[in-house]
Amino acid sequence: MTPFHLHQKTILITGASSGIGAQTAISAAQMGATVILSGRNREKLEQVKQSLAAGEHSIVTADLTKPEDRDLLIQTIAAVDGIVHSAGAVEVFPVKLMNEEELERQLLLNYKAPFLITAGLSKNRKLNKGCSIVFISSISGQHPFKGGAVYAASKASIEALSKTIALEYSTQNIRSNCISPALVKTKILDESIQSLGRDKVDHHQERYPLGFGEPEDVANAAVFLLSDASKWITGTNLILDGGFLLNK
Ligand SMILES: NC(=O)c1ccc[n+]([C@@H]2O[C@H](COP(=O)([O-])OP(=O)(O)OC[C@H]3O[C@@H](n4cnc5c(N)ncnc54)[C@H](OP(=O)(O)O)[C@@H]3O)[C@@H](O)[C@H]2O)c1
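Under the numbering used here, the residues of the sequence shown are numbered 6 to 253, in order.
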């Protein structure tokens with residue numbers, strides 16, 4: 006059988022109610038995975054669950070910035086063979102307008118929550134041997150943009166965390182990798198059009214030889230990293246940018 010399948014694997018996907026996380030849930034289920042979908046919006050999670058290929062999929066609603074919700078997620082779910090940490094948000098603030106509270110709030114969702122969930126699952130022996138952890142980072146982690154200081158810092162930190170996990174967990178055959186997309190057509194792109202205007206976004210797209218990404222482009226890479234086809238890959242950061250960085 007092809008090593009690219011996800012049969013007999015239980016995969017936790019955060020941010021599964023929308024965009025990249027939702028598509029990753031769909032693609033992972035198509036490849037045979039049992040998916041645990043997490044997000045805050047139950048209705049949207051139910052919609053995504055309805056569109057999954059048949060399986061024993063489940064939903065855990067959780068606001069990952071709340072310790073009690075993170076604990077609930079960690080305690081409720083069965084041991085996993087893979088995690089895709091996709092929950093996240095981009096908020097644009099010039100450095101001089103940032104205060105400590107805002108800084109903490111953004112770091113909590115984009116960096117501390119995936120860190121603490123991974124640590125909590127590990128402490129509770131819920132990372133099966135051979136588990137594959139995938140963090141959805143961003144090219145901003147290495148190529149920041151004006152106003153993106155906290156977002157870029159959170160993604161750079163996730164990349165450092167992922168490499169550390171790759172080192173610490175290799176004896177259990179647990180792998181950890183990042184995917185760093187450039188702009189993908191999700192709510193984040195819609196918000197960029199609203200804040201910057203369509204002209205600016207269209208102009209930006211001209212710098213992408215292959216255009217902006219689709220959620221499927223990221224989901225396919227995540228499925229590969231979750232599968233045994235990537236069993237010798239750990240501690241890497243896969244850039245998905247449609248050629249954008251060639252023009253940077
Ligand atoms: N789209 C891009 O261009 C792009 C590029 C590079 C990297 N990324 C990264 O890709 C990931 C997914 O982004 P996306 O484009 O798919 O965005 P999206 O469509 O806005 O999805 C964000 C997801 O995060 C969840 N979320 C937000 N706040 C949460 C909270 N407090 N607790 C739990 N879940 C929360 C949302 O679910 P609920 O609303 O149900 O809570 C939603 O499912 C993010 O980490 C982002 O940084 C995106």
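Just so it is clear, CB atoms sit at the ideal spot from N, CA and C, and this is done for glycine as well.
Residue 95 in three-state terms, based on DSSP: Coil, per DSSP.
Proximity test, Cβ basis, 9 Å: residue 244 and chain C: No chain C is present in this structure, which holds just one protein chain.
What would DSSP say about residue 63, mapped onto helix, strand or coil? Residue state, collapsed to three classes: strand.
Which class does residue 193 belong to by DSSP, given the choice of helix, strand or coil? helix
Counting only runs of 3+ residues fully inside the stretch 71-131, write out the beta strand (DSSP E) ranges in chain order. 85-90
Give me, in chain order, the residues of the same chain whose beta-carbon lies closer than 7 Å to that of residue 11; leave out the 5 immediate sequence neighbours on both sides. 33, 36, 37, 38, 228, 231, 232
Residue 180 burial status per 10 Å Cβ neighbour count (16 or more: buried): buried
Would you mind reading off the limits of the alpha helix (DSSP H) that contains residue 214? Counting along the chain, residue 214 falls outside any alpha helix (DSSP H), and DSSP gives it neither H nor E.
What I want to know is whether the C-beta of residue 123 ends up closer than 8 Å to one or more non-hydrogen atoms of ligand 1. The beta carbon of residue 123 sits no closer than 8 Å to any heavy atom of ligand 1.
Uninterrupted beta strand (DSSP E) stretches inside the stretch 15-44 (no shorter than 3 residues): 15-19, 39-44
Three-state secondary structure (DSSP) at residue 133? strand
Quick check: is any heavy atom of ligand 1 less than 8 Å from the C-beta of residue 191? Checking every heavy atom of ligand 1 against the Cβ of residue 191, one is found closer than 8 Å.
At the level of alpha carbons, what is the spacing between residue 169 and residue 240? 8 Å
Please confirm whether residue 1 and residue 57 have their CB atoms less than 9 Å apart. Past the edges of the chain, shown from 6 to 253, lies residue 1, and the structure says nothing about it.
Identify every run of the beta strand (DSSP E) within the stretch 132-187, keeping only runs that are complete inside it and at least 3 residues long; order them along the chain. Fully enclosed beta strand (DSSP E) runs of 3 or longer: 132-141, 180-186.
If we ignore side chains and look at the alpha-carbon of each, how far apart do residue 62 and residue 182 end up? 24 Å
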